[in-house]
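Novice: Just passing along the structure, written as structure tokens.
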Amino acid sequence: LLMFAAFFVGALGEELGWSGYVLDPLQQRWSALQAGLILGAVAVTWHLVPLLVMHRAPAWIAWWCLYAMASRILIVWLFNNTGGSVFAVALFHATLNLTFMLFPINGSHFDMRLGGLGLVGAAAMVTVPWGPKTLARYRTA
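Just add 37 to the spot in the sequence shown (first one is 1) and you have this note's numbering.
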């Protein structure tokens, strides 16, 4: 519980900036999907040096980049469908970060390839029915 609280504080700090401050202006200019991809690219760049310092393998970093891009799309979807709740997206962000501690890399069951592909699948499952423009209006057939 203490570990989750620490991750939540960190995620809240990031999400106050990314979701609470930057996301709305991005969505005024681009679609929600494009805004998510832009913020995803920024988040990847933001975290790249720490990943290199931790001596992560290049393949792991590539899969993590996919994971981070897809998670940002999910965060935009969550933000747009909760009335702009930074609290909700910070909880989601903290939960994603906590998985790395619960399932550490060495000898674990957490596989970044599966995580990346799983989040891409989840991002597709919200993008197709809700639509890339807003990720907030569920489209019916």
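Every residue, glycine too, gets a C-beta built ideally from N, C-alpha and C.
1. For I75, I'd like the list of residues in its chain whose CB is within less than 8 Å of its CB, leaving aside the five on either flank, ordered along the chain.
2. Given 8 Å as the limit, is there contact between the region 102 to 112 and the region 154 to 168, that is, 3 or more CB pairs closer than that?
3. Could you have a look at T184 and say whether DSSP puts it in helix, strand or coil?
4. I need the straight-line Cα distance from T119 to L128, nearest angstrom please.
5. By how many angstroms is the C-alpha of L38 removed from the C-alpha of A96?
6. Tell me the rounded alpha-carbon separation between F137 and A99.
7. Quick one: Cα of T164 to Cα of K170, how far?
8. Which of the three DSSP states, helix, strand or coil, is assigned to W67?
9. Can you check which of these residues, L88, A42 and L70, is closest to S108 by C-alpha distance?
10. Could you name the residues of the same chain whose beta carbon sits closer than 6 Å to that of L135, not counting the 5 residues immediately before and after it, in chain order?
11. Select from D61, W83, L111 and P87 the residue whose C-alpha is nearest the C-alpha of G168.
12. For V126, does the count of other Cβ atoms within 10 angstroms reach 16, so buried, or fall short, so exposed?
13. Quick check: the Cα distance between E52 and D61, rounded to an integer number of angstroms?
14. What is the DSSP secondary structure of L80, counted as helix, strand or coil?
Specialist: Reading from the atomic positions:
1. Taking the sequence shown and counting its residues from 1, the one referred to as residue 75 is at position 38. Closer than 8 Å at the Cβ level, and outside the excluded window around I75, lie L63 and W67.
2. Three or more Cβ pairs closer than 8 Å define a contact, and the region 102 to 112 meets that threshold against the region 154 to 168.
3. With the chain running from 38 to 178 in the structure shown, residue 184 is simply not present.
4. Here the question's residue 119 lines up with position 82 in the sequence shown. Here the question's residue 128 lines up with position 91 in the sequence shown. Rounded to whole angstroms, the separation of the alpha carbons of L128 and T119 is 12 Å.
5. The residue labelled residue 96 in the question sits at position 59 within the sequence shown. The residue labelled residue 38 in the question sits at position 1 within the sequence shown. In this structure, the alpha-carbon of A96 lies about 31 Å from that of L38.
6. What you label residue 137 is simply residue 100 of the sequence shown in a count that begins at 1. What you label residue 99 is simply residue 62 of the sequence shown in a count that begins at 1. When rounded, the distance between both Cα atoms is 16 Å.
7. Locating residue 164 in the sequence shown gives position 127, where the first residue counts as 1. Locating residue 170 in the sequence shown gives position 133, where the first residue counts as 1. Taking the straight line joining both Cα atoms gives about 9 Å.
8. By one-based count along the sequence shown, residue 67 stands at place 30. Coil, per DSSP.
9. For the purposes of this step, residue 108 is taken as the residue at position 71 of the sequence shown. Measuring from the Cα of S108, the nearest candidate turns out to be L70.
10. Stepping through the sequence shown from its first residue, residue 135 is reached at position 98. Closer than 6 Å at the Cβ level, and outside the excluded window around L135, lie F41 and F44.
11. Start at 1 with the first residue of the sequence shown, and residue 168 comes out as number 131. Relative to G168, the option among D61, W83, L111 and P87 whose CA is nearest is L111.
12. Position 89 of the sequence shown, counted from the start, is the residue given in the question as residue 126. With a 10 Å radius around the Cβ and a threshold of 16 neighbouring Cβ atoms, V126 comes out buried.
13. The residue you call residue 52 lines up with position 15 of the sequence shown. The residue you call residue 61 lines up with position 24 of the sequence shown. Distance between the alpha carbons of E52 and D61: 12 Å.
14. The residue you call residue 80 lines up with position 43 of the sequence shown. Reading off the sequence shown, one finds Ala at residue 80, where the question assumed Leu. Here A80 sits in helix by DSSP.
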